[in-house]
Ligand code: FA5
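In the numbering used here, the protein residues as written are 3 to 342.
Right, here's the structure in full:
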């Protein structure tokens, strides 16, 4: 057996040295060191040898394996160098040509604005949270004071998941409010940005899949004044100047009182297509956290007050980047995406 190993070594060295290219070297490596290779055969035969012979054969076989691995690597390197030298020697080799340019993607416009919004809130001391996109009916509706037979459920046409019966594609980011309040004792300031889904007819301002930004602040003495000041500060940071805003009463079952905040159209003075000729753009739903929502999450409503707001990230992105149709965002059309 020792002799056979010696012979194997001699043969293997010759084959490696003679390998013409990387492909041939790969084949040789497989035949010598692969699972079904000759060295594996030698190792497999050891148990059948005389006990006295086994340690020596084992050692020689392993030494040969190490040596061959080294020779294979050295030959691979030499072949690479040879190939490079041949390439360089040909007439059309021009080392001064610039390298082929890598194709760089760009951030999706929604991601760009999302990051801006998150930066503003982070600088105000908010934490950024994520919530599940497939949500329990309980968090999407019931805990937000929208019981099963409540007419508000018809305000948001919902994709219900088949199977369990209690799962929905979340219709807004407000469930994150309840998940936050359940988890920790106030005070907290959180923002959650993410995808939401509604079974809606699509048009220039409505898609079935879009993005919302949800904010929740709970603590002692949190007021509606803080809420309005926060949103005005956000708008000023995003648009680079103070924008006129107005507050209207608005109904959302999970806040009381509830409002809607409109923003004076940043694109015109006397009405344009973006603001449907009204000079105002609906920006955000907002209000003070409803006592029933506090109760569902075991927050002491005697001690704490809180505000919540939610706005559409897609429509904000349209305003900031001058995009005229919400359906561009999810269409995956490179001609649109490459402009950002
Ligand atoms: C809500 O979804 C509430 N959860 C917001 C809220 C949070 C109120 C906290 C109070 C307190 P609303 O259904 O109005 O509200 O949707 C909020 C925003 O989502 C809208 O202003 C709009 O910008 C955006 N939006 C709604 N439907 C669509 C749609 N189909 N496509 C694109 N954006 C939409």
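Glycine included, every Cβ here is placed at the ideal spot set by N, Cα and C. The structure presented is a predicted model; accordingly, all values stated were derived computationally and were not measured.
Residue state for residue 213 is assigned as strand, using DSSP reduced to three classes. In terms of CA proximity to residue 169, 138 leads the group 138, 103, 279, 296. Around the CB of residue 250, fewer than 16 other CB atoms lie within 10 Å, so the residue is classed as exposed.
Shown here, residue 149 sits in coil according to DSSP, grouped into three states, outside any helix or strand. Shown here for residue 301: same chain residues with a beta carbon closer than 7 Å to its own, the five before and five after excluded, namely 183, 188, 220 in chain order.
In this structure, residue 289 and residue 314 do not form a Cβ contact; the two beta carbons are roughly 17 Å apart against a cut-off of 8 Å. Of the candidates 243, 242, 204, 276, 276 places its Cα closest to the Cα of residue 324. For residue 310, the enclosing beta strand (DSSP E) covers residues 307 to 314. At a threshold of 8 Å, residue 179 counts as near ligand 1, since its beta carbon sits closer than that to one of the ligand's heavy atoms. Here residue 183 carries a helix assignment [DSSP, helix/strand/coil].
The alpha carbon of residue 132 has as its nearest neighbour, out of 144, 108, 79, 216, the alpha carbon of 216. Excluding the 5 residues flanking it on each side, residue 230 has same chain C-beta neighbours closer than 7 Å at 249, in chain order. Nearest Cα to residue 14 within the set 37, 71, 38: 71. Residue state for residue 128 is assigned as coil, using DSSP reduced to three classes.
Listed in chain order, the alpha helix (DSSP H) elements of length 4 or more contained wholly in the region 252 to 323 are 293 to 298, 315 to 323.
In the DSSP assignment, residue 137 falls within the unbroken beta strand (DSSP E) covering 136 to 138.
Relative to residue 98, the option among 181, 105, 90 whose CA is nearest is 90. Per DSSP, the unbroken alpha helix (DSSP H) holding residue 32 starts and ends at 24 to 35. Contact check for residue 51 and residue 59: beta-carbon distance about 6 Å, within the 8 Å limit, so the pair qualifies. Spanning the alpha carbons of residue 198 and residue 153 requires a straight line of approximately 20 Å. With a threshold of 16 other beta carbon atoms within 10 Å, residue 146 meets it and is buried. Here residue 329 carries a coil assignment [DSSP, helix/strand/coil]. Distances from the CB of residue 233 to the heavy atoms of ligand 1 are all 8 Å or more. Residue 44 has no beta-bridge partner at all, per DSSP. Taking the CA atoms as reference points, residue 212 sits about 8 Å from residue 332.
DSSP places residue 193 inside the beta strand (DSSP E), whose first and last residues are 190 to 199.
Distances from the CB of residue 209 to the heavy atoms of ligand 1 include at least one below 8 Å.
Closest option to residue 7, judged by alpha-carbon separation, among 298, 65, 100: 65.
The alpha-carbon separation between residue 163 and residue 172 amounts to approximately 10 Å. Counting along the chain, no alpha helix (DSSP H) covers residue 169; the unbroken beta strand (DSSP E) around it starts and ends at 169 to 171. Contact between residue 280 and residue 270 does not hold, since their C-beta atoms are separated by about 10 Å, which reaches or exceeds 8 Å. The Cβ-Cβ distance between residue 285 and residue 317 falls below 9 Å. Relative to the non-hydrogen atoms of ligand 1, the Cβ of residue 310 comes within a distance shorter than 8 Å of at least one.
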